[in-house]
Structures are given as C-alpha cells and as structure tokens.
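If you read the sequence shown in numbering that gives the first Met the number 0, its first letter stands for residue 0, the second for the next number, and so on. Glycine included, every Cβ here is placed at the ideal spot set by N, Cα and C. In this text, all values refer to a predicted model and were calculated from it rather than measured experimentally. See below for the structure under consideration.
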Amino acid sequence: MRGGWIMMKKKIFYILIAMFLLANISSAYHVTIVSKTFKNNRVILKIAVYDAKEPLVRITKNMLDNFSFSHKNISYVFNVNLLDFQDIIMGRLDGYDVFEVPGGVIYYPQSIKDNVFYLGRWKRNIREFIADGGGYVGTCGGSTIASQNPIIFWPLVQSIGFVNIKADVDVLNEGQYISQYLFTRIGFGIPIKISIKNSGNPIFFGHYGENRSIRWWASPSLYDPNSVRNNPLFGEIKVLATYAEEPSEVAPIHRQLLFGGGKVKTHQKGEYAVIATSYGNGKVVLFGPHPEYSTWLNISSSPRDNIKEGVSWRGKWYLWVGGDETSFDYNWWMLRRAIAWVSNKMSDDAIKEIN
C-alpha cells in the first residue's frame with residue numbers, strides 16, 4: 000500500500016515537471032513568434048534624393064533619412080541615398096521606391112547635357128522609373144522639370160514631361176525674386192499662404208480648409224495646359240492646395256534695371272500650389288513652394304515692416320525680415336506624407352499618422 004502511494008507521488012511529480020516544461024516551451028515559442036512577427040513587420044521605404052548641388056539637398060536628406068513611425072504594429076523607416084546625374088544615366092534608380100527632386104536650377108543645364116550627349120536617356124530613365132511604379136515628389140524646380148514644355152529657357156532646355164501640367168515662372172516677374180534676394184543664414188524667399196483643399200488625399204488630412212504659411216522663392220504656379228496631351232500614361236490632376244496670396248502684394252519689389260525696371264507683378268493667387276497625379280503605375284506629387292524650409296508667421300500688414308532694401312554692386316536688393324520665423328521642421332510633415340503616399344507601401348490611415 001505504501002509502495003503504491005510512493006509511485007503515485009512520483010507520477011504526480013513527473014506530471015508537474017512536464018506541465019512546467021510545456022508551459023516554458025510554449026512561452027518561449029510565443030516570444031520567438033512575436034519577435035519574428037515584429038521583425039517581419041518593419042517596412043523600409045527606399046528613397047533616392049536627387050543631388051542638385053544645392054543646400055536644399057542636405058536639408059531634404061536630413062529630414063527624411065532614418066525618419067520612422069509605427070502604425071498598427073508595423074514600423075515604417077525611411078532610408079535615403081543621394082543620386083546624381085550620372086547615377087540616373089546608369090539606371091541606378093532601379094530598386095528605389097521614391098525619387099525626390101528638390102528645388103534647384105541645375106536641372107536646366109543638365110537637361111541640355113542630356114539632350115546633347117545622352118540623347119535624352121536621363122529624362123527617359125526617370126519617366127520609365129515612374130511608369131513602372133516608382134513614386135516621384137518634386138518641389139519648386141523639381142516640379143518645373145516634371146511639367147510640360149515650354150519651360151523657362153525653352154527650347155534649349157526641355158522638361159522631362161511626365162505630368163500633364165504647366166509650370167509658370169515669368170523671368171520678368173516671379174524670376175525677379177531670385178535675382179534680387181541676397182543669401183542669408185536661412186536662404187532666400189518670402190512667406191506665402193496656401194489654401195489647403197478638402198481633397199480627401201491623406202497628405203493634408205487634418206489640415207483641410209486651412210490657410211498655411213510656406214516658404215516661396217520664385218516658385219512656380221501649376222496649371223492645366225489649354226490643350227490636353229494625348230498620352231494614356233497621364234493620370235488625373237488632383238489639386239491639393241492653391242496659392243491664397245499674391246507674392247508681389249506680400250513682398251512688393253522692383254525689377255533690376257537690366258530687366259527694364261518697374262514694379263514686379265506676379266500672377267499666382269488662385270493657381271495650383273500642390274497637386275497629386277499619376278504617370279503609368281507611379282504616383283506623383285508636385286509642390287510649387289518649399290515645405291522643406293522654415294517660414295514666417297505673425298506678418299505685419301505693411302510691406303515696409305517686412306522687407307529690408309539695399310544697394311550693392313549688383314544693383315538693388317531686397318530681404319525678408321518681417322514676422323516670426325518658424326522652426327525648420329514646420330512643414331516637414333507635408334513632404335514626409337507625400338513621400339509615403341507615392342511609395343505605395345502603406346495605407347492612407349498610416350500616412351495620416353505622420354507629423
């Protein structure tokens with residue numbers, strides 16, 4: 000009887016040990032599975048920023064590279080590399096999700112170089128990248144070069160032309176804001192308000208109906224061309240924001256004598272400032288102004304309080320000094336959301352989480 004009781008205790012002991020081991024194995028298995036799932040739910044956006052040899056390139060790279068956020072247990076990480084003209088010629092855009100082209104003027108001589116020495120391969124490789132599903136985000140000059148001809152300095156300079164829209168910059172008006180602004184610690188430009196439309200696009204979610212200040216520096220206005228080009232790859236133009244102010248009224252200046260003198264008159268109020276569209280299988284967002292820069296708030300209604308004037312060997316110059324400067328990252332969320340949207344690698348709800 001006593002021996003039976005001892006055997007029973009041994010069985011109970013072994014059963015308890017087995018249960019303990021099973022519980023620990025199950026727990027370890029659960030931890031392994033959870034860790035593996037979290038690791039597999041890390042989405043990397045591979046972004047190529049075009050090296051336009053401008054300060055904006057460094058600013059854009061810094062604001063995008065290693066930016067990360069999470070949505071519904073998925074971690075999203077931006078990974079950025081710089082690509083230059085020769086990289087595009089060699090086809091090194093392949094493998095990236097998004098091509099971001101900041102403001103700059105280097106595209107004009109490079110367009111000529113492409114035509115003369117490479118028979119349009121630079122432009123063709125960019126168009127094919129987007130048509131095959133790559134995303135494109137352009138700001139200022141990056142929007143102009145994406146639009147339809149004629150652009151400034153045409154026909155010598157030719158655009159890439161994958162968006163069925165025109166970019167308007169008049170050398171005698173908008174262009175004067177380039178030639179007459181001196182370099183400063185924070186670059187060129189003036190603050191202009193854009194009117195954000197209730198487009199339903201997640202890029203401006205939470206800001207629909209808002210008039211928001213943004214940096215403008217001879218930035219293009221975007222508009223539909225009178226004659227629609229017959230290209231089945233062109234997508235519908237969605238207007239995300241328009242210019243709510245006229246630059247020449249916010250910051251009135253005069254032309255350089257070289258350009259005949261007289262008051263500058265811009266024609267941008269009410270025109271498109273930000274648009275979204277597609278080209279083939281790829282998404283595109285174009286910004287006329289500069290979301291990557293700081294801007295100014297609390298602007299005086301008197302231009303005299305906002306503009307400093309002077310004379311140098313170049314002639315008369317103007318410099319914006321009014322209002323309160325924002326932090327550099329004031330509008331970064333716009334560009335980050337645009338990158339996310341054109342990448343096609345996350346849901347609209349995830350994009351709305353980006354701030």
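* Evaluate Lys-165 with the Cβ neighbour count: other Cβ atoms within 10 Å of its Cβ, from every protein chain shown; 16 or more gives buried, anything less gives exposed. => Lys-165 comes out buried.
* Asked: Looking only at DSSP bridge pairs, what is Glu-324 linked to?
  -> When DSSP reads this structure, Glu-324 sits in a beta bridge with Trp-295.
* **According to DSSP, residues forming a beta bridge with His-70** => Beta-bridge pairing links His-70 to Ile-73.
* Short check: CB of Ile-150 to CB of Tyr-117, under 7 Å? -> No.
* Asked: Thinking just about the alpha-carbon of each residue, which of Val-115, Ile-58, Lys-52 and Ser-69 is nearest to the one in Asp-348?
  -> That would be Ser-69, whose Cα lies nearest to the Cα of Asp-348.
* Starting from the C-beta of Ile-338, find all residues in its chain whose C-beta is less than 8 Å away, skip the five residues before and the five after it, and write them out in chain order. => Excluding residues within five positions, the ones whose Cβ falls inside 8 Å are Leu-44, Ile-46, Leu-63, Phe-77, Val-97, Glu-99, Gly-134 and Val-136.
* To do: Under 8 Å Cβ to Cβ from Asn-148, same chain only, skipping five residues before and after it: list those, please.
  => Within the same chain, Asn-148 has close Cβ partners Pro-154, Gln-157, Ser-158 and Gly-160.
* Among Leu-171, Ala-217 and Arg-123, which residue has its Cα nearest to the Cα of Gly-259? -> Leu-171 is the residue among Leu-171, Ala-217 and Arg-123 whose C-alpha sits nearest the C-alpha of Gly-259.
* Asked: Would Ile-144 pass as a contact of Asn-330 if the rule is Cβ separation under 7 Å?
  -> No, they are not a contact pair.
* Compute the Euclidean distance between the alpha carbons of Thr-138 and Phe-66, then round it to the nearest angstrom. => Between the alpha carbons of Thr-138 and Phe-66 lies a gap of roughly 19 Å.
* To do: Keeping to the same chain, check which residues put their C-beta closer than 7 Å to that of Arg-254; ignore five residues upstream and five downstream.
  => So the qualifying residues of the chain are Leu-171, Gln-175, Gly-260, Gly-261 and Val-263.
* **Glu-352 versus Leu-239, Asn-72, Tyr-49 and Lys-52, residue with shortest Cα-Cα distance** => Per the C-alpha coordinates, the member of Leu-239, Asn-72, Tyr-49 and Lys-52 positioned closest to Glu-352 is Asn-72.
* What did DSSP end up calling Ser-178 once you bin it into helix, strand or coil? -> Three-state result, Ser-178: helix.
* Own chain partners of Ser-194 with C-beta closer than 7 Å, once the 5 adjacent residues on each side are dropped -> The answer, listed in chain order, is Asn-210, Ala-240, Thr-241 and Ala-243.
* Which residue comes first and which comes last in the alpha helix (DSSP H) that contains Gly-141? -> Going by DSSP, Gly-141 is part of the alpha helix (DSSP H) stretching over 140-143.
* To do: Evaluate contact between the region 121-131 and the region 269-279, counting only Cβ atoms and requiring at least three cross-stretch pairs below 8 Å.
  => Because the criterion of three Cβ pairs below 8 Å is met, the region 121-131 and the region 269-279 touch.
* Enumerated in chain order, which unbroken segments of the beta strand (DSSP E) with a length of 3 residues or greater are wholly contained in the region 208-240? -> With a minimum length of 3 residues, the continuous beta strand (DSSP E) runs that stay inside the region 208-240 are 210-215 and 220-222.
* Return the chain-ordered list of same chain residues with a C-beta closer than 6 Å to the C-beta of Asn-297, the five sequence neighbours on each side being excluded. => Answer for Asn-297: Gly-322 and Asp-323, listed in chain order.
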